[in-house]
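Q: Numbering (this note's numbering), first residue to last: 153 to 559.
We put the beta carbon where it would ideally sit given N, CA and C, even for glycine.
All of these numbers come straight from a predicted model, not from anything done at the bench.
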């Protein structure tokens with residue numbers, strides 16, 4: 153039995169950010185998980201990140217772990233939008249800086265134990281921890297349409313199932329969804345030689361402005377746009393302060409959160425979709441395999457035969473999908489739908505059990521669905537676990553000489 157003060161399940165951006173700040177504050181931390189696994193295994197090759205330069209930074213956008221620091225330390229140069237492979241390399245570099253001792257074994261079971269929690273790893277090793285921070289991400293929370301359950305994977309799948317779209321060369325692929333995931337995957341499919349088409353339920357596609365208004369505002373842009381890059385003008389500043397956002401009544405939080413994360417495509421995508429048909433007001437209601445292809449029926453009664461149906465319908469948080477949570481533990485966690493209800497420091501109704509990232513969105517707003525939400529989360533954890541006096545110790549480290557290109 154190995155003992156630790158804080159065990160962090162997950163070594164993605166949130167797990168690494170929490171590790172960085174807690175260790176700076178002098179907290180003993182054990183990190184368990186495969187670094188950047190979601191970004192390496194559930195994102196298609198060639199993807200570009202929609203977030204701007206600062207918002208793509210892990211743990212801090214100014215300091216020793218920022219993208220600028222990564223570029224300076226490695227001699228790497230790239231611009232925005234940040235390519236997926238560069239982000240993964242950056243994340244692995246952050247891991248080496250803050251958690252070179254990461255334990256890459258999977259957690260098979262988490263349950264309460266004497267003085268805190270008991271974790272059982274894949275090889276049967278047991279570990280006890282006074283606190284556990286769950287930063288396990290959303291890979292297991294794909295928002296799969298019910299019809300996917302009865303369809304063979306060679307005919308229907310979710311965007312999170314693919315790293316490479318080359319297998320679809322020459323195939324007719326219908327992509328369902330009107331957000332960044334669906335639209336960018338349609339572009340990647342087209343560029344891989346597939347005959348891609350997009351079905352959007354809404355009667356329009358929302359395209360982002362690509363920083364146009366920030367450039368117009370110049371030095372005053374910071375007054376209405378936060379470095380976190382989540383939400384439109386003005387609202388961006390509100391959602392960047394979760395302690396303020398969560399003070400709003402729920403009837404105000406829900407529409408403001410949706411406005412901040414509504415389905416939309418990046419400004420640099422339309423030029424890549426000029427040869428990809430985008431059908432508006434198209435809702436898929438059924439799909440039937442027949443003679444090696446899929447016959448899709450829409451709400452208006454129209455039908456279409458395709459070789460593959462790809463759902464770009466995002467993710468729906470449900471912590472009961474985490475297989476390592478013991479049933480008895482899950483039952484003790486107060487929830488709203490699939491979201492845990494969290495207090496200060498992202499602590500759940502089970503004392504000492506915290507949830508980071510997208511699962512904390514119900515309690516802390518839309519910012520925690522994105523990489524930049526890790527800045528707030530990490531400081532909130534230091535305040536709750538180490539005490540407010542340790543916040544300064546957990547602050548940003550000096551920035552090395554700039555070598556990267558940050559538009």
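So, using beta-carbon positions, are residue 183 and residue 251 closer together than 8 Å?
A: Numbered from 1 along the chain shown, position 31 holds the residue referred to as residue 183. Numbered from 1 along the chain shown, position 99 holds the residue referred to as residue 251. A contact, by the Cβ cut-off of 8 Å.
Q: Going along the chain, which unbroken runs of the alpha helix (DSSP H) with 4 or more residues stay wholly within the stretch 218-293?
A: The stretch 218-293 contains these whole alpha helix (DSSP H) runs: 219-226 and 236-250.
Q: Does the stretch 311-325 touch the stretch 333-351, meaning 3 or more C-beta pairs lie closer than 8 Å?
A: Judged by Cβ distances under 8 Å, the stretch 333-351 makes contact with the stretch 311-325, as three or more pairs qualify.
Q: Please state if the CB of residue 203 and the CB of residue 522 are separated by a distance shorter than 8 Å.
A: Reading the chain shown from its first residue, position 370 is the one you call residue 522. Reading the chain shown from its first residue, position 51 is the one you call residue 203. Yes, the Cβ-Cβ distance between residue 522 and residue 203 is below 8 Å.
Q: Across the stretch 267-284 and the stretch 159-169, are there enough close Cβ pairs to call them in contact, namely three or more that are closer than 8 Å?
A: Yes, they touch.
Q: Mind listing, in chain order, the continuous alpha helix (DSSP H) runs of no fewer than 4 residues lying wholly within the stretch 154-222?
A: Fully enclosed alpha helix (DSSP H) runs of 4 or longer: 165-176 and 189-193.
Q: Specify, as a first and last residue, the run of the alpha helix (DSSP H) that residue 397 falls within.
A: Sequence index remark: in the chain shown, residue 397 carries index 245 (1-based). Residues 394-397.
Q: Using a 10 Å radius around the Cβ and a threshold of 16 neighbouring Cβ atoms, would you call residue 278 buried or exposed?
A: Translated into the one-based positions of the chain shown, residue 278 becomes position 126. Residue 278 comes out exposed.
Q: Looking only at C-alpha atoms, which of 402, 339 and 507 sits nearest to residue 325?
A: Mapped onto the chain shown, residue 325 falls at position 173. Checking every option, the nearest Cα to that of residue 325 belongs to 339.
Q: If you run the structure through DSSP and keep just helix, strand and coil, what is residue 303?
A: For the purposes of this step, residue 303 is taken as residue 151 along the chain shown, with counting starting at 1. Reduced to three states, the DSSP call for residue 303 is coil.
Q: Measure the alpha-carbon distance for residue 167 versus residue 402 and round it to whole angstroms.
A: Numbered from 1 along the chain shown, position 15 holds the residue referred to as residue 167. Numbered from 1 along the chain shown, position 250 holds the residue referred to as residue 402. C-alpha separation (whole angstroms): 28 Å.
Q: Looking only at DSSP bridge pairs, what is residue 309 linked to?
A: If you number the chain shown from 1, residue 309 lands on position 157. DSSP lists 462 as partners of residue 309.
Q: Taking the C-alpha atoms as reference points, what is the distance between residue 196 and residue 341?
A: Taking the first residue of the chain shown as 1, we reach residue 196 at position 44. Taking the first residue of the chain shown as 1, we reach residue 341 at position 189. So the alpha carbons of these two residues sit roughly 10 Å apart.
Q: Can you give me the Cβ contacts of residue 303 inside the same chain, cut-off strictly under 8 Å, excluding the 5 residues immediately before and after it?
A: In the chain shown, counting from the first residue as 1, residue 303 sits at position 151. Excluding sequence neighbours, residue 303 sits near 439, 441, 446 and 461.
Q: Could you tell me the boundaries of the alpha helix (DSSP H) in which residue 516 lies?
A: Here the question's residue 516 lines up with position 364 in the chain shown. It spans 513-516 - the alpha helix (DSSP H) in which residue 516 sits, taken as one unbroken run.
Q: Nearest-angstrom Cα distance between residue 216 and residue 222?
A: Sequence index remark: in the chain shown, residue 216 carries index 64 (1-based). Sequence index remark: in the chain shown, residue 222 carries index 70 (1-based). Each residue's Cα considered, the two are about 8 Å apart.
Q: Count the other CB atoms within 10 Å of the CB of residue 335; is the residue buried (16 or more) or exposed (fewer)?
A: Within the chain shown, numbered from 1, the residue matching residue 335 stands at position 183. Per the 10 Å Cβ criterion, buried.
Q: In this structure, what does DSSP give as the bridge partners for residue 336?
A: Here residue 336 is taken as the residue at index 184 of the chain shown, counted from 1. Looking at the DSSP assignment, residue 336 forms no beta bridge with any residue, so it has no partner.
Q: By a C-beta neighbour count over all protein chains shown, 10 Å radius and 16 as the cutoff for buried, is residue 458 buried or exposed?
A: Counting from one through the chain shown, the residue named residue 458 turns up at place 306. Buried, since its Cβ has 16 or more Cβ neighbours within 10 Å.
Q: Kindly confirm or deny that the stretch 373-387 and the stretch 530-541 touch, where touching means at least three C-beta pairs closer than 8 Å.
A: Output reads no: the stretch 530-541 does not touch the stretch 373-387.
Q: Are there 16 or more other CB atoms within 10 angstroms of the CB of residue 247, so buried, or fewer, so exposed?
A: On the chain shown, residue 247 is found 95 positions in, with the first residue counted as 1. Buried.
Q: For residue 325, which three-state DSSP category applies?
A: Locating residue 325 in the chain shown gives position 173, where the first residue counts as 1. Correct three-state label for residue 325: strand.
Q: Do the stretch 412-428 and the stretch 358-367 touch if we need at least three Cβ pairs shorter than 8 Å?
A: Contact between the stretch 412-428 and the stretch 358-367 is present, because at least three Cβ pairs lie under 8 Å.
Q: Just checking, does the stretch 485-498 make contact with the stretch 373-381 on the three C-beta pairs under 8 Å criterion?
A: Touching, no, given that fewer than three Cβ pairs across the two stretches are closer than 8 Å.
Q: How about residue 163 and residue 259: do their beta carbons lie closer than 8 Å?
A: Along the chain shown, read from residue 1 onward, the residue named residue 163 stands at position 11. Along the chain shown, read from residue 1 onward, the residue named residue 259 stands at position 107. Cβ distance not < 8 Å, so residue 163 and residue 259 don't count as in contact.
Q: Could you name each continuous alpha helix (DSSP H) segment of 4 residues or more that falls completely within the stretch 468-529, going from the start of the chain to the end?
A: 479-484 and 513-516, all fully within the stretch 468-529.
Q: Measure how close the beta-carbons of residue 492 and residue 516 come, nearest whole angstrom, since I'm counting them as under 8 Å.
A: Along the chain shown, one-based indexing puts residue 492 at 340. Along the chain shown, one-based indexing puts residue 516 at 364. Residue 492 to residue 516, Cβ: 11 Å. No contact.
Q: Using a threshold of 8 Å, state whether the C-beta atoms of residue 208 and residue 201 are closer than that.
A: As a first step, residue 208 must be located in the chain shown, where it is residue number 56. As a first step, residue 201 must be located in the chain shown, where it is residue number 49. Yes, the Cβ-Cβ distance between residue 208 and residue 201 is below 8 Å.
Q: In or out: residue 332 buried (at least 16 other Cβ within 10 Å) or exposed?
A: Taking the first residue of the chain shown as 1, we reach residue 332 at position 180. Burial call: buried.
Q: Thinking just about the alpha-carbon of each residue, which of 281, 433 and 241 is nearest to the one in residue 155?
A: Locating residue 155 in the chain shown gives position 3, where the first residue counts as 1. Comparing Cα positions, the closest option is 281.
Q: Over what stretch of residues does the alpha helix (DSSP H) that includes residue 418 continue unbroken?
A: The count along the chain shown starts at 1 and reaches residue 418 at position 266. No alpha helix (DSSP H) holds residue 418; DSSP gives it neither H nor E.
Q: Given that a residue counts as buried once 16 or more other Cβ atoms are within 10 Å of its Cβ, and exposed if not, what is residue 498?
A: For the purposes of this step, residue 498 is taken as residue 346 along the chain shown, with counting starting at 1. So residue 498 counts as buried.
Q: Which partner residues does residue 430 have in the DSSP bridge list?
A: On the chain shown, residue 430 is found 278 positions in, with the first residue counted as 1. Partner(s): 350.
Q: Going by the CB atoms, is the gap between residue 538 and residue 496 shorter than 8 Å?
A: Locating residue 496 in the chain shown gives position 344, where the first residue counts as 1. Locating residue 538 in the chain shown gives position 386, where the first residue counts as 1. Not a contact, by the Cβ cut-off of 8 Å.
Q: Got a sec, what are the start and stop residues for the alpha helix (DSSP H) residue 367 sits in?
A: Taking the chain shown and counting its residues from 1, one reaches residue 367 at position 215. Element bounds for residue 367: 364-369.
Q: If we count the other Cβ atoms within 10 Å of its Cβ and call it buried at 16 or more, is residue 561 buried or exposed?
A: Here the chain comprises residues numbered 153 to 559, so residue 561 is not present and cannot be evaluated.
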